[in-house]
Amino acid sequence: MKITLIRHGKPKTPSLEKISASEFGEWVSVYNGSGLCPSSQPPKETLKQANICDVIVCSALPRSIESAKALNAEKIVLSDALFNEADLPIANWRTLKLSPKLWTITFRTLWFFGYARHSKSLKETKLRSAEAIKRLTELAQKYDHVLFVGHGVYNQMLANELRRTGWSGPKNPGAKHWQFGVYEYRTGPTIQQTDDFR
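Quick note, the sequence shown lines up with residues 303 to 500 if you use our numbering.
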């Protein structure tokens, strides 16, 4: 059995001007509703994975759904919020203004240290990722090779859970858009990961 974890393509990004923390919550909502940039096309290596897999699974977020369709719409068998990106907490801070990128780094770091205001906690998300792996494993048992089009942080959590439960594959499934890691359930390690796409 194989499970390939792919990060979605580059999405359309809302304004990158400096905003307050309270405005960042609205920015995240807009980002989560955004699809792919028209120029974001899957590289050949990623398309190859889509061609050799048996089925494709994606989250319920547009950037994941549109990425899955760009790979092979006919192979999509499941789109579910169980596979959505890990939440970002929010705060009602109005004075300090930072770029969305810096707010993302700030709140993701705080989240890993236990801050989870208006979001699911790290512990809750780990439990969700374990449930997601159960679902992907069931599909792999049925179809053999499952390709999942997911998200940066959540894919890393899924990779950790796969390795914890006996799957072989890279520690990091790939953080850049369209990067992937292949995980296999068999005796002996099997590691495959894409090079950086330029």
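We treat Cβ as the ideally placed atom computed from N, Cα and C, and that holds for glycine.
Between the alpha carbons of residue i and residue j, how many angstroms are there, rounded?
i       : j       : result
Tyr-485 : Gly-452 : 15 Å
Phe-499 : Ala-418 : Since pLDDT at Phe-499 reaches only 41, below the 50 mark, its modelled position is unreliable, and the value read off the structure follows with that caveat. The alpha-carbon atoms of Phe-499 and Ala-418 are separated by roughly 33 Å.
Thr-348 : Asn-474 : 16 Å
Phe-415 : Glu-440 : 32 Å
Pro-340 : Ala-370 : 14 Å
Leu-318 : Gly-311 : 18 Å
Ile-354 : Phe-409 : 37 Å
Lys-350 : Arg-466 : 27 Å
Phe-385 : Leu-429 : 12 Å
Trp-413 : Arg-396 : 19 Å
On a Cα-Cα basis, can you pick out the residue from the options that is closest to residue i?
i       : options                            : result
Gly-454 : Ser-317, Glu-319, Ser-366, Lys-350 : Ser-366
Asn-394 : Phe-326, His-310, Leu-441, Gly-476 : Phe-326
Ile-308 : Arg-488, Arg-410, Trp-480          : Trp-480
Pro-391 : Ser-381, Pro-344, Lys-422          : Lys-422
Leu-404 : Ile-321, Lys-312, Ile-354, Pro-313 : Ile-321
Glu-387 : Ala-375, Ser-470, Thr-427          : Thr-427
Thr-411 : Arg-430, Ser-342, Asp-389, Gly-471 : Asp-389
Tyr-456 : Lys-425, Met-303, Leu-373, Pro-316 : Lys-425
Glu-315 : Trp-329, Arg-396, Leu-400, Pro-472 : Checking the displayed sequence, the identity of residue 315 turns out to be Thr instead of Glu. Minimum Cα distance to Thr-315 is reached at Trp-329.
Gln-458 : Lys-350, Ser-431, Ala-323          : Ser-431
Pro-364 : Leu-398, Asn-334, Asn-374          : Asn-334
Ile-435 : Phe-482, Glu-463, Gln-443          : Glu-463
Asn-374 : Arg-396, Gln-343, Phe-385, Leu-400 : Gln-343
Ser-324 : Lys-346, Ala-372, Leu-400          : Leu-400
Can you give me the Cβ contacts of residue i inside the same chain, cut-off strictly under 6 Å, excluding the 5 residues immediately before and after it?
i       : result
Glu-433 : none
Asp-356 : Tyr-445, Asp-446, His-447
Ala-383 : Ala-362
Ala-442 : Met-303, Ile-305, Val-448
Considering residue i, what are the terminal residues of the beta strand (DSSP E) in which it resides?
i       : result
Leu-449 : 447 to 452
Tyr-380 : In the sequence as presented, Tyr is not what sits at residue 380; that position holds Leu. Its beta strand (DSSP E) spans residues 378 to 381.
Apply the 10 Å Cβ neighbour rule to residue i and answer buried if 16 or more other Cβ atoms are within range, or exposed otherwise.
i       : result
Val-379 : exposed
Ile-407 : exposed
Val-332 : exposed
Pro-491 : For Pro-491, the pLDDT reaches just 40, beneath the cut-off of 50, and the residue's location in the model is therefore unreliable, leaving the point undetermined.
Ala-352 : buried
Ala-461 : buried
Leu-398 : exposed
Below 7 Å CB to CB, which residues in the same chain sit around residue i once its five sequence neighbours on both sides are set aside?
i       : result
Glu-368 : Gly-337, Leu-338
Gly-468 : Tyr-487
Leu-438 : Ile-305, Val-359, Val-448, Phe-450
Pro-402 : Leu-318, Ile-321, Phe-326, Trp-329
Asn-482 : According to the sequence shown, residue 482 is Phe rather than Asn. Within the same chain, Phe-482 has close Cβ partners Thr-306, Leu-307, Ile-308, Thr-348, Gln-351, Pro-475, Gly-476, Thr-496.
State the start and end residues of the unbroken alpha helix (DSSP H) segment that holds residue i.
i       : result
Ile-367 : 364 to 374
Ile-407 : 402 to 414
Lys-304 : That residue, Lys-304, is in no alpha helix (DSSP H); its beta strand (DSSP E) goes 304 to 309.
Ile-392 : Here Ile-392 belongs to no alpha helix (DSSP H), and DSSP marks it neither H nor E.
Gly-483 : Looking at the DSSP string, Gly-483 is not in any alpha helix (DSSP H); the run it does join, the beta strand (DSSP E), is 482 to 486.
Phe-326 : 323 to 334
Thr-348 : 346 to 354
With a threshold of 8 Å on Cβ separation, who are the neighbours of residue i within its own chain once the five nearest residues in sequence on each side are excluded?
i       : result
Ser-381 : Val-359, Cys-360, Ser-361, Ala-362, Ser-366, Ile-367, Ala-370
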